[in-house]
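All remarks here apply to the structure that follows.
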Amino acid sequence: MTGLYNRLALREDFPNYSKQEVGVAMIDLDDFKRFNDNYGHAYGDLVLTRLGRYLQKDWMNEHLRCYRYGGDEILIIAYGLEDGDFVKKLQIFQAEYAKLNQQLEEPATLSIGYATGAVANEEELRKMIQLVDNYLYQAKRQGKNQVVGAEKK
């Protein structure tokens, strides 16, 4: 439905990220259950499809891949970016996505958790994914529609 890579593709791609400086982000649609409950699953599917298309059109390239990680969670892994670029891209993405959905019956917003840094192996990448998931939940606790995380020092 989203046209994004799935978790199987992520497992296959894990070795490609070893020994790299990466940016990892977990994106979650705010209040997604409410879309399905209030407007039906077709509306929820529309919101997910728009997110997938936007990521494919304006984000994905040879240095950035997007994976559907859960029902309405998207994992982004990027490499080869300059320091600070990943976070700037996430902030722009969040703002642009909100604008894209203003005409919907109920506008869709995103919460994002992120981290950047070097990963030596697949286990470190898994730990970074857990970290960004924790940052995502922090963004939700802070009021949703937030970008929360940490860049390498």
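Position 110 of the sequence shown, counting from 1, maps to 1125 under this note's numbering, and the rest follow consecutively. By construction, the Cβ of each residue, glycine as well, lies at the ideal position given by its N, Cα and C atoms. Computed from a prediction, not measured in an experiment: that's the story for all the values here.
query: Rounded separation between F1101 and L1140 - CA only; result: 16 angstroms
query: Where D1060 sits in the DSSP three-state scheme; result: helix
query: Residue span of the alpha helix (DSSP H) that contains D1043, given as start and end; result: Per DSSP, D1043 belongs to no alpha helix (DSSP H); it is in the beta strand (DSSP E), 1035-1044.
query: Beta-carbon proximity of V1163 to A1040, cut-off 7 angstroms; result: no
query: Span of the beta strand (DSSP E) around L1090; result: 1088-1094
query: Cβ pair count under 8 angstroms reaching 3, the stretch 1119-1134 against the stretch 1023-1038; result: yes
query: Close Cβ partners of L1079 (< 6 angstroms) along its chain, the five nearest in sequence each way excluded; result: A1093
query: Beta-carbon contacts of Y1152 that lie in its chain and below 8 angstroms, excluding the five residues immediately before and after; result: G1128
query: Opening and closing residue of the beta strand (DSSP E) in which L1125 lies; result: 1125-1134
query: Beta-carbon proximity of A1110 to T1124, cut-off 7 angstroms; result: no
query: Touch test, the stretch 1065-1072 against the stretch 1017-1033, Cβ-Cβ under 8 angstroms, three pairs minimum; result: yes
query: First through last residue of the beta strand (DSSP E) which encompasses L1105; result: It is not in any beta strand (DSSP E) - L1105 instead sits in the alpha helix (DSSP H) that spans 1100-1115.
query: Range of the contiguous alpha helix (DSSP H) that encloses Y1054; result: 1047-1054
query: Cβ shell of Y1054 (< 8 angstroms), same chain only, five flanking positions each side left out; result: E1120, E1121
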